[in-house]
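Every number in this note's numbering is 160 more than the matching position in the sequence shown, counting from 1.
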Amino acid sequence: MDERQAVAAFAALGQEHRLRVVRQLVTAGPEGMAAGALAEAVGVSGTNLSFHLKELSHSGLVTSRREGRSIIYSAAYPDLSELIQFLMRDCCQGRPEVCAPAVAALAACCLPTGDTAHA
């Protein structure tokens, strides 16, 4: 991810409803959510949600697919990962203890249930 892409992603996330949408979709997992359920979960109207989803899609943070008559929205995990990597790329400058809290927080949320071998 280059700086221009990161700026676009952060600009998209710089609005509370869009941030809620992305967080809700991250929580929903790769299965994603139908637009109506997503609007209800984040507390916005369908029209308002459509506007926010367009912005998030243009920034590469959200993807969509059609399932029957529904459009299912999902977090774009690869792009979100690249955004986090962009921020953390040079964080420690040879001092890994600086990045350790962020790495530990991500590792803890990503371990399979009951897997403490890597914690």
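Backbone N, C-alpha and C define an ideal beta-carbon position, used for all residues, glycine too.
- Message: Using CA atoms only, rank isn't needed, just tell me which of Ala197, Cys270, Ser210 and Arg180 is closest to Ser241.
- Response: Comparing Cα positions, the closest option is Cys270.
- N-terminal and C-terminal residue of the beta strand (DSSP E) that Ala235 is part of: Counting along the chain, the unbroken beta strand (DSSP E) around Ala235 starts and ends at Ser230 to Ala235.
- Measure the CB-CB distance between Ala168 and Ser219 and report whether it falls below 8 Å. Contact: yes.
- Task: Run the CB neighbour count on Arg178, radius 10 Å, all protein chains shown included, and call it buried at 16 or more, exposed below.
- Result: Buried: at least 16 other Cβ atoms inside 10 Å.
- Message: Assuming Leu266 and Met161 are in contact, meaning their beta carbons sit under 8 Å apart, how far apart are those beta carbons, in whole angstroms?
- Response: Not a contact, Cβ separation roughly 17 Å.
- In this structure, what does DSSP give as the bridge partners for Glu176? Note: Glu176 sits in no beta bridge, so no partner.
- Within 8 Å (strictly less), CB to CB, does Ser219 reach chain B? Note that chain B does not occur in the displayed structure, where there is just one protein chain.
- Outcome for Glu257 when other beta-carbon atoms lying within 10 angstroms are tallied against a minimum of 16: By the neighbour-count rule (16 or more Cβ atoms within 10 Å), Glu257 is not buried but exposed.
- Task: Indicate the three-state DSSP secondary structure (helix, strand or coil) for Ser219 in the structure shown.
- Result: Three-state DSSP puts Ser219 in coil, outside helix and strand.
- Message: Contact between the segment 218-233 and the segment 192-203 is defined here as three or more beta-carbon pairs at a separation below 8 Å; is this criterion met?
- Response: As far as the Cβ criterion goes, the segment 218-233 touches the segment 192-203, which means the pair count is three or higher.
- Query: Which of the three DSSP states, helix, strand or coil, is assigned to Ser224?
  - Reply: DSSP places Ser224 in strand when its eight states are reduced to three.
- Indicate the three-state DSSP secondary structure (helix, strand or coil) for Gly189 in the structure shown. Collapsing the DSSP output to three states places Gly189 in coil.
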